[in-house]
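Numbering-wise, the sequence shown is residues 4 to 503 according to this note's numbering. Quick reminder that beta carbons are idealized off the backbone N, C-alpha and C, glycines included.
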Amino acid sequence: MRLKFPLLLSVFLVLVAAPASLALGDTLTVAAAYDAKALDPAVMIDAPASFVSIHIHENLLRIDENSKLLPQLAESYEQLDPTTYRFVLRKGVKFHNGEELKASDVKFTMERAMSPAGSATRAYSKDLESVEVVDDYTVLLKLKQPSTPFLMLLTLSWGGIVNEKAVRAAGEKYAMEPVGTGPFRFVDWQKGDRITLERFDDYWGKKPHYKTLIFRSVPEPTSRVVELETGAVDLALEIPVNEIDRVTSGQDTKLLRTLSSSYTIMGFNCERAPFDNPEVRKAISLAVNTEGIQKAIRRGEGSVPLGPLPAFMPYFDPNLPKHEYNPEKAKAILEKLGLKNLKMALWTNEKKERVDMATIIQAQLAEIGVTVDIRVMEWGAYFQGLKEKANDAFMMGWMNNVPDPDPLCSGVFFSKVKGQTNWCFFGDDRIDELIALGRQTPDGPERGAIYKELQHRIVTDLVPCLYMDADEIRVGANKKVQGFVLYPRGYQSLAEVYFE
């Protein structure tokens, strides 16, 4: 069997050509909600880092606005048999250190993702068995077994191709001084303040219209809006619902918005008693009024997810039961288990909506005799604490960056990635089996049945987390900013942005 995927001659562009009068040398400044943790594709697990990294690193493949796979650093790719893919690389592609992209860099990147150094993203690379260099521009990727989502998974952050020479020279510092092939090169990182990138003039593709790209860390939502209004920044990410009217009605500002594949959850530490008992998790869930909280926080925007897959994701099951709010039933379960005066440490990062959700959850659980201790933490300390399993429960956002259910299932619920992307430290043999079957089964009704069982088992039987909210992606922009397109799977590259 040979399936060939040639390079498309007309590649989709997210905007029309910029005006001829556009002056090069401009700066685009973005107000982000958080600073990145690390800019190394092998260890990136946070959205802020991934958004910065897509301007520095590129992948073999990318996904277009219609969720179709297209070559990026690959010139073409071909499936030789059910478990072997051949990639032919573009020639003349330069890394930011001047080195030419070679097949050996792809091999190094993939093997690094498969090694302990890439353990944070192991859920996405675990099907890889070996990488073989055929020549300087040809590489074979061999899988342990057939994997339906594999090519889609290559477009995620972990698949960003790194330069072997640069990584070996930088060692552990690579995450703070990355080198890629992207349209922007890394310049400087003032932790907690800003990351500065500069246009890479030897970029193989279409060069950005402006010279400097700055990502500023501005955690307070109102401050991001103020900076947008005053012109201190050109884009403000994560606009909360209470600032929508302000941005929309601003003289120089506009609001960009779209559906999102992300949602907010309250996860349980499934290895910490008594939350290692599914019945306790069910009781806590019954005492939380998710619909009431969602309406209070989002003011009519968004919805409460039914389960782990967004409503527009392939194999989403619309027949999942809606969340049941029944405090009396919750109290009866805890009494039957002999759990009186239960205490729960609930962690969240500084995002306002998550803090607000945690506060309402605290009040609702108090009604059934559960005392909740809320701890609001800085992003880096928050993740470190989760790794150490020092919490009982946590607030977090999850996003699926590809149009396939696998990442949200294998990355979140697969037992072998506990403490890497599985922050619930959840494990279940049948769920592991279903994840494996879902990967190996071709698209169609059989694969749909697998994910249907998985969704029902997670939502009704095991309850490793409680689904709180599915919101939009909202970005405030200066009216002069053009060419930034939002897709449900997350922010897209700013390389095509220009100023009108």
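Just to confirm my understanding: we take residue i, look at its own chain, exclude 5 residues before and 5 after, and list those with CB closer than 8 Å. What are they?
i           : result
residue 489 : 259, 260, 261, 476, 478 and 495
residue 330 : 289, 290, 367, 370 and 371
residue 446 : 151 and 317
residue 24  : Reliability of the predicted coordinates at residue 24 is poor, the pLDDT of 36 falling under 50, and the value obtained from them is presented with this limitation in mind. Hits under 8 Å: none found.
residue 302 : 244 and 245
residue 100 : 166, 168, 169 and 182
Evaluate residue i with the Cβ neighbour count: other Cβ atoms within 10 Å of its Cβ, from every protein chain shown; 16 or more gives buried, anything less gives exposed.
i           : result
residue 28  : The pLDDT assigned to residue 28 is 47, lower than 50, so where the model puts this residue is not dependable; a value taken from the coordinates is nonetheless given after this. With fewer than 16 Cβ atoms within 10 Å of its Cβ, residue 28 is classed as exposed.
residue 272 : buried
residue 175 : exposed
residue 458 : buried
residue 150 : buried
residue 14  : The pLDDT assigned to residue 14 is 30, lower than 50, so where the model puts this residue is not dependable; a value taken from the coordinates is nonetheless given after this. Residue 14 should be labelled exposed.
residue 256 : buried
residue 252 : exposed
residue 130 : buried
residue 33  : buried
residue 62  : buried
residue 324 : exposed
residue 497 : buried
residue 448 : exposed
residue 491 : buried
residue 278 : buried
Which residue marks the beginning of the alpha helix (DSSP H) containing residue i, and which one marks its end?
i           : result
residue 317 : Careful: residue 317 lies outside any alpha helix (DSSP H) and carries neither H nor E.
residue 514 : Shown here, the chain extends from 4 to 503; a query on residue 514 therefore has no answer.
residue 443 : 432 to 443
residue 217 : Segment 215 to 220 is the beta strand (DSSP E) holding residue 217; no alpha helix (DSSP H) there.
residue 90  : Not the alpha helix (DSSP H): residue 90 falls in the beta strand (DSSP E), residues 87 to 92.
residue 423 : Here residue 423 belongs to no alpha helix (DSSP H), and DSSP marks it neither H nor E.
residue 365 : 355 to 369
residue 294 : 293 to 301
residue 451 : 448 to 459
Along the chain, where does the beta strand (DSSP E) containing residue i start, and where does it finish?
i           : result
residue 400 : 396 to 402
residue 275 : Unbroken run through residue 275: none, as it is neither H nor E.
residue 66  : 64 to 66
residue 386 : Note, residue 386: premise wrong, no beta strand (DSSP E); alpha helix (DSSP H) at 382 to 390.
residue 257 : 256 to 261
residue 465 : Element bounds for residue 465: n/a, residue is neither H nor E.
residue 74  : 72 to 74
residue 193 : 187 to 193
residue 202 : 197 to 202
Near residue i, which residues of its chain fall below 6 Å by C-beta distance, leaving aside the five closest residues on each side in sequence?
i           : result
residue 155 : 405 and 407
residue 267 : 400, 471 and 472
residue 421 : 428
residue 26  : Summary for residue 26: the model assigns pLDDT 45, below 50, so the residue's position carries little reliability; its value from the coordinates is reported in the next sentence. Result list for residue 26: empty, nothing under 6 Å.
residue 3   : For residue 3 there is no data in the structure shown, the boundaries of the chain being 4 and 503.
residue 170 : 177
residue 248 : none
residue 309 : 323
residue 90  : 63, 77, 80 and 142
residue 148 : 443
Which same chain residues, not among the five before or five after residue i, have their C-beta less than 7 Å away from its C-beta?
i           : result
residue 484 : 237, 238, 500 and 502
residue 114 : 134
residue 199 : 190, 191, 215 and 217
residue 94  : 140
residue 412 : 311, 438, 441 and 457
residue 55  : 39, 42, 198 and 218
Would you mind working out which of the options sits nearest residue i, comparing C-alpha positions?
i           : options               : result
residue 49  : 446, 456, 424 and 125 : 424
residue 312 : 462, 130 and 360      : 462
residue 220 : 52, 396, 46 and 335   : 52
residue 299 : 344, 245 and 182      : 245
residue 222 : 469, 73 and 353       : 353
residue 188 : 165, 433, 153 and 172 : 165
residue 438 : 200, 131 and 419      : 419
residue 75  : 96, 86, 83 and 69     : 96
residue 434 : 415, 147 and 449      : 415
residue 250 : 232, 58 and 403       : 232
residue 35  : 480, 492 and 498      : 480
residue 397 : 103, 212, 380 and 195 : 380
residue 358 : 138, 297 and 205      : 297
Hey, is residue i's beta-carbon within less than 8 Å of any beta-carbon in chain C?
i           : result
residue 214 : Included in the structure is just one protein chain, with no chain C present.
Just grab the DSSP bridge partners of residue i for me.
i           : result
residue 473 : 306
residue 504 : Given a span of 4 to 503 for the chain in the structure shown, any question on residue 504 remains unanswerable.
residue 347 : 375
residue 34  : 219 and 239
residue 79  : 91
residue 48  : Bridge partners of residue 48: none, in fact.
residue 164 : Its beta-bridge partners do not exist; DSSP assigns none.
residue 482 : Bridge partners of residue 482: none, in fact.
residue 502 : 484
residue 233 : Paired residue(s): none; residue 233 is not in a bridge.
So is the beta-carbon of residue i under 7 Å away from any non-hydrogen atom of the ligand GDP?
i           : result
residue 208 : No copy of the ligand GDP occurs in the structure displayed, which carries no ligand at all.
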